[in-house]
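Heads up: the structure comes next, in structure tokens.
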Amino acid sequence: MSQINLPFEVGHTIEARSFELGFRGAWFRCKITKIFNKGRALFYDLEYLDFTEEGIHTTKVFQKRQGENDNILMVRPIRPRQSHENEECCGGEEEEEVVVVVHGLWKVGDLVDWWKDDCYWSGTVLEVSEEDETVKIELVPEPYGEGKGYDAMFKDLVPSLEWSLEDGWIVPFSKVGEKRQCATLMKLPNEGAEETREEEKQRPTKKLAVEEEEKLRPTKKLVGDEDLALNIMESESIEAALMDLEEQIVRIEWIKGMLLLNSDNSTWIYEDYPPPSS
């Protein structure tokens, strides 16, 4: 089996399970320290975060139980954050976070994961005692689990979830009693990411506004000059600019005539100054 389609990388924190007797049906928090192949088989070196004294374990990522043909994925992402229906929840650091929202109290038949001995044990709720907030659960039956019954506290339970490459996280339906899902998966957007996307949307508009302001600067400068009234102050058309040039030519001709008329009494002399020939 190939690593190509799996979203896991060295350094990622994930959950892993085992078919080892005594640990069947339990999920352990791990950190991937190495990814490699032996022949056609894919392996992860895993550091068990809640059992640091165990050292590094090498796990075959896809495994088959004896006598079966189906490959079973032995790893999954860290389970999503949990909330309750009466709690207000908001997105986390990810751009879009998946949150598990629990529906009220536990009921007979609910599929749950029980936090016990620093790992999650999957099982089914058989009895519920609301007074002391406890349940009786049965672990996943053999050969996929240990198949024993235990008493557990409400606070130590979370909804069982299933994960696959095709569907991501899903909440399975109960298999005993009322057919229902004990939780719902919700996708919450990160508010910071939303603000960032909104700013990116506004950037072209802001850029255009800056460009327009740059275009208007010459006109604003002319408008601020009280001694010079130009047609371009009212319109930035080519016609307005040509009219301004014609008016300036008329002014220059008038000044030239005044200088020639009073040449006897003036120290100013008008001279044509043609541009130098190239």
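Position 198 of the sequence shown, counting from 1, maps to 198 under full-length UniProt numbering, and the rest follow consecutively.
For each residue, glycine too, the CB sits at the ideal point set by N, CA and C.
The residue from 159, 116 and 178 with its alpha-carbon nearest to that of residue 169 is 159. Residue 112 counts as buried, since at least 16 other C-beta atoms from the protein chains shown sit within 10 angstroms of its C-beta.
Nearest to residue 25 by alpha-carbon distance, out of 13, 32 and 72, is 72. Residue 6 and residue 23 have their C-alpha atoms some 24 Å from each other. Cβ-Cβ distances below 8 Å link residue 10 to 32, 33, 34 and 35 in the same chain, with the five nearest sequence neighbours on each side left out; the list follows chain order.
Secondary structure of residue 151 (DSSP, three-state): strand. Around the beta carbon of residue 80, 16 or more other beta carbons lie within 10 angstroms, which makes this residue buried. Residue range 81-84 is occupied by the beta strand (DSSP E) that includes residue 84.
When C-alpha distances from residue 136 are compared across 107, 120 and 118, the shortest belongs to 107. Contact check between the segment 139-146 and the segment 117-125: three or more CB pairs, one atom from each, fall below 8 Å, which counts as touching. Counted as a single uninterrupted DSSP element, the beta strand (DSSP E) harbouring residue 189 occupies residues 183-189. Runs of the beta strand (DSSP E) spanning 3 or more residues and lying entirely within the segment 4-62 occur at 13-17, 26-38, 41-48 and 56-60, in chain order. Between residue 21 and residue 30, the alpha-carbon positions lie close to 19 Å from each other.
Taking every protein chain shown into account, the CB of residue 110 has 16 or more other CB atoms within 10 angstroms, so this residue is buried. Boundaries for residue 175: no beta strand (DSSP E) harbours it, and the DSSP string shows neither H nor E there.
Counting the other CB atoms within 10 Å of its CB gives residue 15 a total of 16 or more, which places it among the buried residues. Straight across, the Cα-Cα distance linking residue 28 with residue 68 is about 24 Å. With respect to the 7 Å criterion, residue 183 and residue 171 are classified as neighbours on the basis of their beta carbons. When the beta-carbon positions are compared, residue 188 and residue 97 come within less than 7 Å of each other. The beta carbons of residue 64 and residue 43 sit no closer together than 7 Å. The three-state reading of DSSP puts residue 242 in helix, counting H, G and I together.
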